[in-house]
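Participant: If you're matching positions, the sequence shown starts at 1235 in our numbering and goes up one per residue. Glycine is no exception: its CB is placed at the ideal position from the N, C-alpha and C atoms.
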Amino acid sequence: IMKTGAVEAGIYAFIRKTKGLERFSLPLLFVLFSLGGATFGMSEEVIPFAMVMVPFVIALGYDAIVAVTVTFVASQVGNAVSWMSPFSVAIAQGIAEIPVLSGASFRLVLWFLVTGLAAAYMMVYAEKIRKNPMLSVTYDSDAYFRDRIAETTDEEKEFNLGHKLVLLEMLAVLVWIIWGVTQKAYYIPEIASQFFVMGFLAGVIAILFKLNGMTINEMASSFQRGVSDLAGTAVVVGMAKGILIVLGGSDATIASTLNTILYGIGNALQGVPNVVAAWGMYLFQSLFNLFVTSNSGQAALTMPIMAPLADIVGVSRQIAVLAYQMGAGFVDAFTPVSASLIGVLGVARVDWIKWAKFSIKMQGFFFLIGSITIVIAVLINFQ
């Protein structure tokens, strides 16, 4: 897809059409990715889209950190306050033995508010970078994308029918993925096949419309280069998953380091005021996500303990689910154990340490929002 030149051509066409209004695209994109996280638990699916979004955002005058925020962070914000994600809230509610997808009205309002606040936080940083790009900690590594954009010729900037068909095909596959995940429970193998089809059809369109000198042989070579670009990312993703295995895995029925931590925290929260207990659940879920980033895995490990604990400390099980959601969602955008985050950072050529310098302040912002939400939920006895 990148070899066809459709993405770069679309970027330049967008910039020409908007004429200074391009900054309004970032909040819109943030909302769209947040919606993906809220509706079908978008996470790993962000990685290939980040490959498109990073050069787009940098071409608009921002940096790779903004690109990661508008894609992956947005999806995790949606995950954190989702009212219907089958991989988080639905699983947690099922384990907690409360009606699946109940409390949707409160969560839907919460999604609008939190997504808006998070998008505003991103824009404050983004505008600072747009005005002075040298302030970005990724300014040097972003040179890879800036040089690539600068080398684009006037001929490659042309936005013709072939380019439009490639981008429309990408949109169609995105719709197909959302349908598959929400209606047919598609996961990594199925999603991978959908992206393969997307790449293959893009290559065929490029050959027919002679985009960027594409031939059958070049189509195959481009696919090989795409695989090689992600090889390093794949290794790091495997290492991130390995940390969970070292700590004992996600099986709640065996003795392990993780399960010992869960048991100890559960006992520590007994006998405290309900507001403090609910906030303690949220704090625990946030810290726990530093080690287990799978939404379904964290629900399976923690909810069997947190649901009955909620009964003991006098808060509703719905609040226990809410504490799990926000703890699992927000921190996923920070922890180096998150395979999806590391994958997106790899695509964006951003070191995790550099990401952490930016993200730690944003995590404080998210934690404040989450804490206020938990207090409100307890005060209104959210059921």
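Roughly how far, in whole angstroms, is the beta-carbon of V1578 from the beta-carbon of V1280, given that I think they are within contact range, below 8 Å?
Facilitator: Rounded, the Cβ-Cβ distance is 6 Å, consistent with contact.
Participant: With distances taken from CA atoms, which of A1272, V1510, G1337 is nearest V1307?
Facilitator: Out of A1272, V1510, G1337, A1272 has the C-alpha closest to the C-alpha of V1307.
Participant: Alpha carbon to alpha carbon, how far is Q1504 from G1604?
Facilitator: Approximately 21 Å between the Cα atoms of the pair.
Participant: Let me know the secondary structure DSSP gives E1331 once reduced to three states.
Facilitator: It is coil, neither helix nor strand.
Participant: According to DSSP, simplified to helix, strand and coil, what is M1437?
Facilitator: The residue asked about is misnamed: residue 1437 is Gly in this sequence, not Met. Note: G1437 maps to helix in three-state DSSP.
Participant: For the alpha helix (DSSP H) containing E1361, name the first residue and the last one.
Facilitator: Where E1361 is concerned, the enclosing alpha helix (DSSP H) stretches over 1338–1365.
Participant: Should M1368 go down as buried or exposed, given a rule of 16 or more other Cβ atoms within 10 Å for buried?
Facilitator: M1368 comes out exposed.
Participant: Does I1439 pass the burial test, meaning 16 or more other C-beta atoms within 10 Å, or should it be called exposed?
Facilitator: Buried, because 16 or more other Cβ atoms sit within 10 Å of the Cβ of I1439.
Participant: Expressed to the nearest angstrom, what Euclidean distance is found between the alpha-carbon atoms of G1312 and V1555?
Facilitator: Rounded to whole angstroms, G1312 to V1555 spans 15 Å at the Cα level.
Participant: Within a Cβ cutoff of 6 Å, which residues of the same chain sit near L1401, ignoring the five residues on either side of it in sequence?
Facilitator: Here the set comprises A1240, G1244.
Participant: Report the option in F1522, F1600, F1592, D1545 whose CA atom is closest to the CA atom of S1572.
Facilitator: It is F1522 whose Cα lies nearest to the Cα of S1572.
Participant: Taking 7 Å as the line, does the beta carbon of T1372 fall inside it for any heavy atom of the ligand PLP?
Facilitator: Judged by which ligands are present, the structure shown has none, so any question about the ligand PLP falls away.
Participant: Note down the Cα distance separating I1235 from L1260, rounded to an integer number of angstroms.
Facilitator: Taking the straight line joining both Cα atoms gives about 22 Å.
Participant: Distance check for S1574 and F1568, CA to CA, integer angstroms please.
Facilitator: Their backbone Cα atoms lie some 11 Å apart in a straight line.
Participant: Looking only at C-alpha atoms, which of L1435, V1348, I1608 sits nearest to M1515?
Facilitator: Checking every option, the nearest Cα to that of M1515 belongs to I1608.
Participant: How about F1264 and M1404: do their beta carbons lie closer than 8 Å?
Facilitator: Taking 8 Å as the Cβ cut-off, F1264 and M1404 do not qualify as a contacting pair.
Participant: Hey, how far is the Cα of I1495 from the Cα of G1350?
Facilitator: Near 35 Å, if we compare the C-alpha coordinates of G1350 and I1495.
Participant: Let me make sure I understand the geometry here. Which of V1584, A1354, L1613 has the alpha-carbon closest to that of S1370?
Facilitator: It is V1584.
Participant: Check whether the stretch 1581–1598 and the stretch 1531–1548 touch, using three or more Cβ-Cβ pairs below 8 Å as the test.
Facilitator: The stretch 1581–1598 vs the stretch 1531–1548: no contact.
Participant: Could you tell me the distance, in whole angstroms, from the CA atom of S1339 to the CA atom of T1487?
Facilitator: Cα to Cα, S1339 sits roughly 34 Å from T1487.
Participant: In the structure shown, what three-state DSSP assignment does K1591 receive?
Facilitator: The answer is helix: DSSP assigns K1591 an H, G or I state.
Participant: Report the residue from Y1246, A1298, I1299, S1316 whose alpha carbon sits nearest the alpha carbon of Q1559.
Facilitator: Measuring from the Cα of Q1559, the nearest candidate turns out to be S1316.
Participant: Just how far apart, CA to CA, sit N1508 and L1294?
Facilitator: Using only the alpha carbons, I get a separation of about 48 Å.
Participant: Assign N1615 to one of two classes, buried (16 or more other C-beta atoms within 10 Å of its C-beta) or exposed (fewer than that).
Facilitator: Classification of N1615: exposed, given that the 10 Å Cβ count is below 16.
Participant: Residues in the same chain with beta-carbon distance under 6 Å from G1548, minus the five sequence neighbours each way, listed in chain order, please.
Facilitator: For G1548, where only same-chain residues beyond five positions count, the Cβ hits under 6 Å are N1508.
Participant: How far does the alpha helix (DSSP H) with S1530 in it reach, from first residue to last?
Facilitator: It spans 1529–1547 - the alpha helix (DSSP H) in which S1530 sits, taken as one unbroken run.
Participant: Jot down the residue ranges of each uninterrupted beta strand (DSSP E) in the stretch 1562–1612, minimum 3 residues, whole runs only, in chain order.
Facilitator: Segments of the beta strand (DSSP E) lying fully in the stretch 1562–1612: there are none.
Participant: Can you tell me the Cα-Cα spacing of Y1373 and V1300, whole angstroms?
Facilitator: Roughly 12 Å between the two C-alpha positions.
Participant: Starting from the Cα of S1309, find the closest Cα among I1546, M1537, K1418, A1353 and give me that residue.
Facilitator: Per the Cα distances, A1353.
Participant: With 16 other CB atoms within 10 Å as the buried threshold, where does V1480 fall?
Facilitator: Label assigned to V1480: exposed.
Participant: Using the C-alpha atoms, what's the distance from M1432 back to I1553?
Facilitator: Taking the straight line joining both Cα atoms gives about 41 Å.
Participant: Measure how close the beta-carbons of G1482 and S1490 come, nearest whole angstrom, since I'm counting them as under 8 Å.
Facilitator: The Cβ separation is near 2 Å, so the contact holds.
Participant: Counting contacts by CB-CB distance shorter than 8 Å, is A1544 in contact with chain B?
Facilitator: Absent from the structure is chain B; it holds one protein chain and no more.
Participant: How should E1385 be labelled, buried or exposed, when 16 other C-beta atoms within 10 angstroms of its C-beta is the threshold for buried?
Facilitator: By the 10 Å Cβ count, E1385 comes out exposed.
Participant: Nearest by alpha-carbon distance to A1533: which of L1269, F1525, F1321, A1247 is it?
Facilitator: Comparing Cα-Cα distances from A1533 to each of L1269, F1525, F1321, A1247, the minimum goes to F1321.
Participant: Using a Cβ-Cβ cut-off of 6 Å (strictly less than) and excluding sequence neighbours within five positions of S1375, which residues of its own chain qualify?
Facilitator: Once the five neighbours on either side are set aside, the close Cβ partners of S1375 are R1583.
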